[in-house]
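Engineer:
There are 2 protein chains.
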Amino acid sequence: MLKTAEHLYLQVADKLEQLIEKEVLKIGDKLPSVRVLSKEQGISMSTAFQAYYHLESKGLIAPRPKSGYYVQFNSRRLPQMPQACTPVKKASDVSVGDMMFEIFGDMKASDVLRFSIAAPAEGLLPDARLSKALTQALRTTSGHGVHYDSVQGNELFRRQIARMSIHWGGALSEDDVVTTHGCMDALKLCLGATTQPGDTIALESPAYCGALQLAHHMGLKVLEVPTSPVTGVDLDYLEKAIPRFKIKACLFVTNFNNPLGSCMPDRNKKQLVDILEKFDIPLIEDDIYGDMYFGKERPLLCKTFDKTGNVLLCNSISKSLAPGYRAGWCIPGKYKEKVLRLKQFQTIACTSLTHAAVGLFLENGRYEHHLRTMRKMLHTQCLRYQQAIADYFPEDTCVTRPQGGFVLWIELDKRINTYELFQQAMRKKISIAPGRIFTLQDRYHNCLRISYGTPWSKQVDDAFRTLGKLIRNMY
Amino acid sequence: MLKTAEHLYLQVADKLEQLIEKEVLKIGDKLPSVRVLSKEQGISMSTAFQAYYHLESKGLIAPRPKSGYYVQFNSRRLPQMPQACTPVKKASDVSVGDMMFEIFGDMKASDVLRFSIAAPAEGLLPDARLSKALTQALRTTSGHGVHYDSVQGNELFRRQIARMSIHWGGALSEDDVVTTHGCMDALKLCLGATTQPGDTIALESPAYCGALQLAHHMGLKVLEVPTSPVTGVDLDYLEKAIPRFKIKACLFVTNFNNPLGSCMPDRNKKQLVDILEKFDIPLIEDDIYGDMYFGKERPLLCKTFDKTGNVLLCNSISKSLAPGYRAGWCIPGKYKEKVLRLKQFQTIACTSLTHAAVGLFLENGRYEHHLRTMRKMLHTQCLRYQQAIADYFPEDTCVTRPQGGFVLWIELDKRINTYELFQQAMRKKISIAPGRIFTLQDRYHNCLRISYGTPWSKQVDDAFRTLGKLIRNMY
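Protein chains in written order, with our numbering: chain A, 8 to 482; chain B, 8 to 482.
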């Protein structure tokens, strides 16, 4: 019963949202009263209220005292989207991470508003329920978890990963999965298994700053592939670049990538798999944001279309459950033996207890419930943050429209240097991620990444107002 | 009172041990009766009994029914020591780890007697007391440990590491320490901070197989330095080799190294620090076995003599407390910033809960107590294992006399191939580590490493008898 009622209010809210999106209902328009809505839609008053609360929580409508609900937001009215970057002339050696060290050096300082970190804020994670799973793991693991786990990793955890693969069209067994200390560790193992120092790999542009630094420290060169904020990597460019730059592996975040938030359409994913198959080049696919979709269905993966084991899928629960548990994995396809060896010689084994706990947590089905709540919150926060940028930032600001994930990519006037903006904002206890760290080229100085992992609040609103002022003062 | 009594029986036992060692008391000699010993030494009967029990537990003496105690073992009568290897002509690229993968691939299979793993057997670790610390960590860590720890690592854990440095003459603060996922992770970070792919580093010969594979996967070349089973690395050779082979860093296990068990004398440690200082080459010092000394005092470290931060000390509690907790650290001296950056870009942070638990465990002083028990057990097991080799292996067998650590290095007749021996032994459910994996050169085929981490038992005795037979059959 509850289930049906829940669906009902969402159905009504969705219809209204579409009307707002299509500007049938324009900003400032008054919505039908709760009584009228209830009659028109044949639903109870309380369901009608729920539908309005839902739209209000998304920031789309707002009540006015003694008057009713009004449309207050339409994503069509948002700032323009940024364009995909132009290609570069040559692959470049990766350079320093001084800036990154300054920005991410102390992730624990608590008095700073961290728009810079693409992770959920404290309070969004089910820490109490996870603790129960950990206590259970402590009780049920042999030797209370003091001993080495197997090199491949905790079996229950791996089985749950395999089971969840059904959501993206996979049909895996636990034997296909290798556990890691988070997604970064998985990327490192997969890069190690597919490349040699001196090789060139392809990444998105802009790309995840951690991946760029990792590649640097592994002695790899990086070709930055032009990437659309909507559809992801430019496949035509990539296909020509592979032989020209002697690309040895690709590392792409195909769903809601970081920092652009683009989601590669299914047909592009299939095409990408075919291209790399043709050149016999492995794809390392990082899906760390794939579960954080705002739409009705989880997007597929390149791994969904992979028939030969050429795709190495990397992931973790660090964005959705517990970064501190360091529980990630890879599904390395035909590179499994290589990955296992690297893991044996670099990590030996993963932390027994926290991996066992995540296995237990996933097994009891609480994860899906938690993800549903989290997706809703992130979608709401994404819209609110976009709105704040429209409200407070200069008019020529461009901002992405991610359909999932954690981050917005913002392009400011060419004159603005966002590293300076970062330094000024830090004095106001606001941390942002300047665009320069998402490339090895001399570009994106006027861009920044904002994470909407922190729930909307007066403090967040004030921070946007402050950022807007700082930017205007820099003109 | 208990303390004094404990000292008393140990004092008497030590005196007797010396008499056995000097062959004043020879194998087969009858020892004084408990009554006579008690009178002669002015101790109680029960203390006299304790002294004999202690010597019996070490395998030095044995009771005969209705007759009393007899000397049954003298380490002078053990097989000869192996020699240090001769130098090689050139530094070599590191080659495959197929053998290692076969040997260490599945560390969890429970029906195999694992002489191959240099770690304590199940049952030697204080798992129940550690679980209490973990439960406490779960209760006291903010967010129950779901959040990222700081990049540098858990503060309490680091403070305890700093506090323990007094045992080897260090005077550190928590700010000098960076936590890692075990010692291997520490080695990887320190190698990463001091070398580039293509560089040559110096290791012992034979060397820890994991370090060789790690170097290989990091694109490093390795010079294997002749190493004495007693005093460690040949410093004269090293000093000449550094300019000749353009060595960029040294990675040595100075105390009870693996597999030789040698312990570098203090004056050599100081000399090594001076040599590397002169050439401005960093020393990565792996001290994972340093706490497992059999003598009266903990050996010092090269780090003890390091005044400029040129020594990067690596360690973990994986050999002494809980391999499955993945709790290690490094004290990287002047390379701290570099190590922190690498950690940030490769690991991000360590597992919050298990590191917090180890911090709590170390804080409450249980660690020293546990180590005392463990050292005594290991010493006893070491002597028992040596004796078994003397009893069952061919007469021309050479075996090391470690004064700490976990392993014996055994040199057999040149005709014996210990990889074949491994394969034959595995059919009998006995796992050994063939010598070939401890080098990148084509050598040590006739050597093997035996870990005495498993407490002595009828099963262990039978396994040695079986190994002895297999070896004789291979002649």
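The beta carbon of each residue, even a glycine, is placed where N, CA and C say it ideally should be.
By how many angstroms is the C-alpha of Q353 of chain A removed from the C-alpha of L194 of chain B?
Structural biologist: 9 Å
Engineer: Is the separation between the beta-carbon of L415 of chain A and that of I478 of chain A shorter than 8 Å?
Structural biologist: no
Engineer: I need the DSSP call for F260 of chain B, collapsed to helix, strand or coil.
Structural biologist: As written in the sequence, residue 260 of chain B is Val, which differs from the Phe given in the question. Coil.
Engineer: For the segment 330-347 of chain A, list every residue whose C-beta sits within 7 Å of some C-beta in chain B, in sequence order.
Structural biologist: P330, G331, Y332 and R333
Engineer: Would a C-beta distance cut-off of 8 Å place A356 of chain A and S149 of chain A closer than the cut-off?
Structural biologist: no
Engineer: In three-state DSSP terms, what is K476 of chain B?
Structural biologist: K476 of chain B carries a helical assignment under DSSP once its states are collapsed to helix, strand and coil.
Engineer: Taking 8 Å as the CB-CB limit, is H377 of chain A close to chain B?
Structural biologist: no
Engineer: Taking buried to mean at least 16 other C-beta atoms within 10 Å of its own C-beta, is A135 of chain A buried or exposed?
Structural biologist: exposed
Engineer: Starting from the C-beta of T387 of chain B, find all residues in its chain whose C-beta is less than 8 Å away, skip the five residues before and the five after it, and write them out in chain order.
Structural biologist: Scanning its chain for C-beta atoms nearer than 8 Å, with the 5 sequence neighbours on each side dropped, one finds around T387 of chain B the residues S64, K65, G66 and W463, in chain order.
Engineer: Going by DSSP, what residues sit across from W416 of chain A in a beta bridge?
Structural biologist: Per DSSP, the beta bridge partners of W416 of chain A are A:R456.
Engineer: Kindly list, in the order they appear in chain B, the residues whose Cβ is closer than 7 Å to that of I355 of chain A.
Structural biologist: G189 and M191
Engineer: Spatial neighbours of A364 of chain A within its chain, please: C-beta separation below 6 Å, excluding the five flanking residues on both sides.
Structural biologist: Closer than 6 Å at the Cβ level, and outside the excluded window around A364 of chain A, lie A140, L141 and A144.
Engineer: The alpha helix (DSSP H) that contains P250 of chain B, what's its start and end?
Structural biologist: L242 to R251
Engineer: Which term fits Y482 of chain A, buried or exposed, when burial requires 16 or more other beta carbons within 10 angstroms of its beta carbon?
Structural biologist: exposed
Engineer: For the structure I just gave you, are there three or more beta carbon pairs, one from the segment 392-411 of chain A and one from the segment 80-95 of chain A, closer than 8 Å?
Structural biologist: yes
Engineer: Decide yes or no for the touch test of the segment 315-322 of chain A against the segment 283-290 of chain A: beta carbon pairs closer than 8 Å, at least 3 of them.
Structural biologist: yes
Engineer: Below 8 Å CB to CB, which residues in the same chain sit around L15 of chain A once its five sequence neighbours on both sides are set aside?
Structural biologist: Short of 8 Å from the beta carbon of L15 of chain A, and not among the five residues preceding or following it, lie these beta carbons of its own chain, in chain order: I50 and T54.
Engineer: My parser needs the alpha helix (DSSP H) runs of 4 or more residues fully inside the segment 322-398 of chain B; what are they?
Structural biologist: 343-353 and 359-370
Engineer: Does V4 of chain B come out as helix, strand or coil in the three-state DSSP assignment?
Structural biologist: Nothing can be reported for residue 4 of chain B: it is not among the residues displayed for chain B, which extend from 8 to 482.
Engineer: Check whether the Cβ atoms of Y244 of chain A and P72 of chain A sit closer than 8 Å, and answer yes or no.
Structural biologist: Against a cut-off of 8 Å, the Cβ pair of P72 of chain A and Y244 of chain A comes out as no contact.
Engineer: List the DSSP bridge partners of Q7 of chain A.
Structural biologist: Because chain A spans 8 through 482 in this model, residue 7 of chain A falls outside it and cannot be assessed.
Engineer: Enumerate in chain order the residues of its own chain whose CB-to-CB distance from A20 of chain A is below 7 Å, with the five nearest sequence positions on each side excluded.
Structural biologist: A58, H61 and L62
Engineer: Go through the segment 165-247 of chain A residue by residue and report every complete run of the alpha helix (DSSP H) that reaches 4 residues or more, in order.
Structural biologist: 190-201 and 216-224
Engineer: Whose C-beta lies closer than 7 Å to the C-beta of C190 of chain B among residues of the same chain, with five residues either side of it excluded?
Structural biologist: Scanning its chain for C-beta atoms nearer than 7 Å, with the 5 sequence neighbours on each side dropped, one finds around C190 of chain B the residues D293, I295, C321, N322, S323, S325 and G335, in chain order.
Engineer: So, using beta-carbon positions, are T446 of chain A and S212 of chain A closer together than 8 Å?
Structural biologist: yes
Engineer: For V31 of chain A, does the count of other Cβ atoms within 10 angstroms reach 16, so buried, or fall short, so exposed?
Structural biologist: Answer is exposed; the Cβ neighbour count stays below 16.
Engineer: Identify which residue in A:L120, A:G205, A:G199 and A:L221 has its Cα closest to the Cα of V467 of chain A.
Structural biologist: Nearest option by C-alpha distance: A:L120.
Engineer: Does the beta-carbon distance from G239 of chain A to N275 of chain A come in below 8 Å?
Structural biologist: yes
Engineer: DSSP three-state label for E489 of chain B, please.
Structural biologist: This structure cannot settle anything about residue 489 of chain B, because the visible part of chain B is limited to 8 through 482.
Engineer: With H, G and I counted as helix, E and B as strand and the rest as coil, what does DSSP make of K255 of chain B?
Structural biologist: Reduced to three states, the DSSP call for K255 of chain B is strand.
Engineer: Roughly how many angstroms lie between the CA atoms of A169 of chain B and T261 of chain B, to the nearest whole one?
Structural biologist: 20 Å
Engineer: Apart from the five residues just before and just after T207 of chain A, which ones in its own chain have a Cβ nearer than 8 Å to its Cβ?
Structural biologist: A98, L227, K228, V229, L230, F252, K253, I254 and K255
Engineer: If we count the other Cβ atoms within 10 Å of its Cβ and call it buried at 16 or more, is P250 of chain A buried or exposed?
Structural biologist: exposed
Engineer: With which residues is L120 of chain B paired in a DSSP beta bridge?
Structural biologist: B:I437
Engineer: Return the Cβ separation of F400 of chain A and Y459 of chain A in integer angstroms, given the expectation that the two are a contact with Cβ distance under 8 Å.
Structural biologist: With 8 Å as the limit, F400 of chain A and Y459 of chain A do not qualify as a contact, their Cβ atoms being about 15 Å apart.
Engineer: Which residues in the same chain as V78 of chain B place their Cβ atom closer than 6 Å to its Cβ, once the five residues preceding and following it in sequence are excluded?
Structural biologist: Only I27, L32, I34, D36 and I68 meet the Cβ criterion.
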